[in-house]
Amino acid sequence: MNILEMHDIHKSFNDLDVLKGIDLTVTQGEVVAVIGPSGGGKSTLLRCATTLERIDSGKIAIGGDVLCDTKEGKLHYCDKKMLSEIRSKFGLVFQNFNLFPHFSVRRNITEALVHVHKKSKAEADAVCDSLLAKMDLTAKAEEYPCNLSGGQQQRVSIARALATNPEIIFFDEPTSALDPELTKGVLNVIKDLAAEKMTMVIVTHEMSFARDVADRIVFMDGGVIVEEGPAYELVTNPKEERTKKFLAGY
Amino acid sequence: MSPTDISTIENSSLYYVLTVCSVVLAVGFLIVSEVIMNNHKKHYPVGAKVKKPPLVVLFLTLAGISIIPFAVLVIRKYLGSISGNYTTLMGTVRLLAQGFLYTFGIFFFTIIFSLPLGLIVAAGKMSKIKTISVIFKVYVSVLRGTPLMLQLLLVYFGPYYLFGISTGNIEIGPFNYRFIASIIGFSLNYAAYFAEIFRGGIQSMPKGQYEAAQVLGFSKMQTYFKIILPQVVKRVLPSVGNEIITLVKDTSLAQVLAVTEMFTQASALASAQVSVMPFIVAGLFYYLMNVIIESVLGVIEKSMSYYS
């Protein structure tokens, strides 16, 4: 089953075409890594899929629900009800965490469960406790984000994204703001999720991680997908000239 | 304005109405803080030690402040009659304390009205609807760009000279139109300054906070009241504190409307006594009040220092 479907996505900022017709499909349990040089449109693609940016034309569907579609040259976005339905189907992990600094770790994770998904406090706490155990952060439940290291903060934000039990999780350069040591902890968490067959789309610059964890790698540059294929094959034996040049830098 | 005019106030029901108002306000603030506290406790495991959130501290403080007129009334009862000899230092202090009630009244009501009004003006100025944002931009520009004293005079004399409405008979409880006009004038003016502070605070919030909230499914209202506003309060507190302290001193401008606030009394006493002593005593009153406000602001700031 296709969890994410993106078809012929176009997006421009003012006169700058950032996405020039992207097609991307992610099936259940698949881990897709998106790599490519800065300014290539990777993050924009993710932001379009997660409703943070509106596309200019194309079709996006998440978990079978259509977020937007273009018919006879006209773009239609779904209504508010469907939008919130779709938002409950995915999680997003930001590059710079974006935790709520005035909430404790526990509240960061449970707030949406209680106030958006209308779970009881006890249910939300149970979810929170099991996620924190998984992230090896049980002792930090009542701490505030400012007292955690970057790696711990990112793990909390992964827990927050997982709390609502989404069908797919998007990662937008999850380790770019971390030093190499902290990066390892976060990548291990993502590895564990991959082993549990969590569907994930990961924008990353960690080439060896992408090679080892992802099922498929998509190489983007200049607003188009230059090359895509099985992770190991694409990294070790790229076909396109542009991909070779990019990978040579690692 | 002669200081002996005070005796006419002596018999008025001002104090009793003020006392009832203050007790009602204090109880109101206590109830609000209790509700917030209970709601806040829900987020902690049973039996855990729960810190008071900033809003509770703020409301408890407001409850405490509300009770001041009541306290003054009690103290006055034991200080005895005010219509004693006002040429002595003690008499001066008593008369100024009486004027201080008005000063405090202007201050208190201005804060109560101008803070929410400032939030509305800030929201209006940031509105996506052009007409609304232009209206509020002009509002802020004019209110900040003209003298406060002029605005006070306009609020007081405007209704009569512009519209022929006689304001002499307007009274709300013990408050005559002079007092009401000064509160309206101060509130409108301070709302403009607060609005700019709030706008700065809201716009300084990182975009990521909105995005994280949006992706998690929070509604616009939830995002605003749960995520954005609590953080904005922390950010704007130092600047708001600045304005609050300025307001304490600005209340002396109510003198132009002949409100019998402390500075008006001090001027009258000073010329009657041919002495600067009343001014010095008045200065001490202002300073004392600001010292209290500073420490309250310090407590609120500290209550929010658990995150950065």
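Chains as they are written, first to last, in our numbering: chain Z, 1 to 250; chain R, 1001 to 1308.
Every residue, glycine too, gets a C-beta built ideally from N, C-alpha and C.
Remember, predicted model here, so these are calculated numbers, not experimental data.
Residues of the stretch 129-153 of chain Z with a Cβ closer than 8 angstroms to any Cβ of chain R, in chain order: E142, Y144, P145 and C146. A1254(R) counts as buried, since at least 16 other C-beta atoms from the protein chains shown sit within 10 angstroms of its C-beta. In the DSSP assignment, E240(Z) falls outside any beta strand (DSSP E) and carries neither an H nor an E. Residues of the stretch 44-56 of chain Z with a C-beta atom less than 8 angstroms from some C-beta of chain R are T50, T51 and L52, listed in chain order.
None of the residues of the stretch 1167-1181 of chain R has a beta carbon lying less than 8 angstroms from any beta carbon of chain Z.
Contact with chain R is found for R87(Z), since one of that chain's Cβ atoms lies less than 7 angstroms from the residue's Cβ. Neighbours of G1208(R) in chain Z, taken as residues whose beta carbon is under 7 angstroms from its own, are F94, N96 and N98 in chain order. By the neighbour-count criterion, in which a residue is buried when 16 or more other Cβ atoms sit within 10 angstroms of its Cβ, R1094(R) is buried.
Cβ neighbours of R1199(R) within its own chain (closer than 8 angstroms, five residues either side excluded): A1122, K1125 and M1126. Interface annotation, A112(Z): in contact with chain R, CB-CB separation under 7 angstroms. As a beta-bridge residue in DSSP terms, P230(Z) pairs with R216(Z).
Taking C-alpha positions only, T1223(R) is separated from E1301(R) by approximately 23 angstroms. For D221(Z), DSSP records a beta bridge to V224(Z). The CB of P1230(R) comes closer than 8 angstroms to the CB of H102 in chain Z, given here in chain order. Around the beta carbon of Y1160(R), fewer than 16 other beta carbons sit within 10 angstroms, so the residue counts as exposed. Rounded to whole angstroms, G1158(R) and S1033(R) show a C-alpha spacing of 39 angstroms. For the stretch 1215-1242 of chain R, the residues whose beta carbon sits under 9 angstroms from a beta carbon of chain Z are, in order, V1215, L1216, G1217, F1218, S1219, Q1222, K1226, I1227, P1230, Q1231 and K1234.
When DSSP states are grouped into helix, strand and coil, I1170(R) belongs to the coil group. The residue among V1299(R), I1184(R), I1170(R) and I1106(R) with its C-alpha nearest the C-alpha of S1252(R) is I1106(R).
The beta carbon of F100(Z) sits closer than 8 angstroms to those of R107, N108, E111 and P145, all from its chain and outside the five residues before and after it, given in chain order. Residue environment for Q1231(R): buried (at least 16 other C-beta atoms within 10 angstroms of its C-beta).
A straight-line Cα-Cα distance of about 15 angstroms links K244(Z) and P230(Z). Our two residues, G63(Z) and L1055(R), have alpha carbons roughly 41 angstroms apart in a direct line. About 15 angstroms separates the Cβ atoms of F170(Z) and A61(Z), ruling out a contact at the 8 angstroms cut-off. Relative to the Cα of D8(Z), the nearest Cα in the group V26(Z), G58(Z) and I217(Z) belongs to G58(Z). Per DSSP, reduced to three states, the secondary structure at M6(Z) is strand.
Against chain Z, the CB of S1308(R) has a partner CB under 7 angstroms away; the residue lies at that interface. By the criterion of a C-beta distance shorter than 7 angstroms, K239(Z) is surrounded in its chain by E227, once the five residues flanking it on both sides are discounted. The distance from the Cβ of V1240(R) to that of I1292(R) is about 16 angstroms, inconsistent with a contact at the 8 angstroms cut-off. Flagged as an interface residue toward chain Z: E1211(R), by a C-beta distance shorter than 7 angstroms. Neighbours of S176(Z) in chain R, taken as residues whose beta carbon is under 9 angstroms from its own, are absent, since the nearest beta carbon is some 14 angstroms off. At a beta-carbon threshold of 8 angstroms, the residues of chain R lying near H115(Z) are F1218, Q1222 and K1226, ordered along the chain.
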